[in-house]
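Reading through the structure tokens given below for one structure.
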Amino acid sequence: MAPTNRVLTAEHLTRFFGRGDTRTTAFRDLDVAVPRGEWTTVLGPAGSGKTALFECLTGLALPSEGSVFIHDGKHSRRRALELSSLSDNARTRLRRSRIGALPSECDLMPSLTLRENLLLGTRLARHRVDRAAFREQCADYGLGAHLRKSPDSVPADVRLRARLLRTLLTEPDVLLLDEPTAALEAGQTADLLQLLRELVTAHHTVVVCTSDDRMAEQGDHVLMLPGGLPAGVDRPHPGSPGDSRVPRMPALKGVPPVTAPPRPAQTEPDPVAAELLPVPASRLQVTTPGEEPSRC
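In the working numbering, each number is its position in the sequence shown, counted from 1, plus 34.
This is the structure:
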């Protein structure tokens, strides 16, 4: 995979907590490549290290060993930026501009209205927002009637859509979400899946860390963490023949890859800005026996 086709890469990544006899390893010697303009799902049960990986990829925490790089797709000759070489403030600025991070816990300010929360990120990033476009985006995300409300007074799915739009307003290179469906009902999860697929159709890069198999069914790539099924699994792009494979995600070292079963060709929906279009159902089923979806 060419450097310009990658947004994030991780090399020999290890994260552990504690010392001596109490030390716990979240993951060890992990290599990851996130393709630009596609949907990558990091799938695993509770305790498999999904949140720890999310924190390393977003710069919220530094790995115990290894490196995470963000690549510039607009300037192929520009050197990749290593997150661990940056100060805390520099990584914070990076999350305001190039890395969109949505942790599992709601991070909206309860003392502000939804509208004020939406515009807070752009002000901190000194990013200009067109007012007419902003009103249209709020309507597209179903937020128009909630803009003057506090985050605590709206349903969980409205809060999630507000957080998602707040992040997208700064036009990040990649959007990463940690357990986004944990507080959603079944119908709300279906709406989120459609929204994320629409974003990828519009050439956004999406990474979802989750224990929810439905995320894997809709994504383009699946990276399994230990404790789930063994391997990195790729699906064909929507609209491509079932035997035409996209570049494979690096498998976890020492674990054989699993190949996704073929599926019939499907027509990819046209990108739209105002409507959430239905997304063709995936034929790939990724499950872990006895696993129950839970918070990371």
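Idealized CB from N, CA, C, for every residue including glycine.
Contacts around residue i, its chain only, beta-carbon distance under 6 Å, and the 5 residues preceding and following it disregarded
i      : result
Phe50  : Arg57, Thr59, Ser98
Asp207 : Val41, Arg132
Glu72  : Asp254
Val66  : Ala44
Arg165 : none
Close beta carbons around residue i, own chain, < 7 Å, minus the five adjacent residues each side
i      : result
Leu181 : Thr147, Leu148, Arg149, Cys172
Leu94  : Ala135
Asn39  : Pro69, Arg70
Asp304 : Bear in mind that the predicted position of Asp304 carries a pLDDT of just 33, short of 50, making it unreliable; the figure below should be weighed with that in mind. Cβ neighbours of Asp304 beyond the five flanking positions: none.
Gly52  : Thr58
Beta carbon of residue i nearer than 7 Å to that of residue j
i      : j      : result
Leu218 : Asp246 : no
Ala250 : Thr85  : no
Arg197 : Leu136 : yes
Phe103 : Thr43  : yes
Met258 : Leu115 : no
Val241 : Leu230 : no
Leu227 : Gln252 : yes
Gly81  : Phe61  : no
Nearest-angstrom beta carbon gap, residue j and residue i [assumed within contact, 8 Å]
i      : j      : result
Ala216 : Ser138 : 6 Å
Leu209 : Thr201 : 6 Å
Glu213 : Thr244 : 6 Å
Close beta carbons around residue i, own chain, < 8 Å, minus the five adjacent residues each side
i      : result
Met143 : Glu150, Asn151, Leu154, Pro185
Leu199 : Leu152, Gln171, Cys172, Tyr175, Leu177
Thr92  : Arg129, Ile133, Ala135, Leu210
Chain B contact for residue i (CB, 7 Å cutoff)
i      : result
Thr126 : The displayed structure is made up of one protein chain only, and chain B is not part of it.
The segment 229-244 contacting the segment 151-158, beta-carbon criterion three pairs below 8 Å: Cβ pair count under 8 Å is below three, so no.
Give the list of continuous alpha helix (DSSP H) stretches no shorter than 4 residues that lie fully inside the segment 129-173. Along the length of the segment 129-173, whole alpha helix (DSSP H) runs at least 4 residues long occupy 148-158, reported in chain order.
Can you check the segment 55-83 for any beta strand (DSSP E) of at least 3 residues that lies completely inside it and give the ranges in chain order? Runs of the beta strand (DSSP E) spanning 3 or more residues and lying entirely within the segment 55-83 occur at 58-69, 73-77, in chain order.
Inside the segment 169-237 only - beta strand (DSSP E) runs reaching at least 3 residues: Listed in chain order, they are 208-212.
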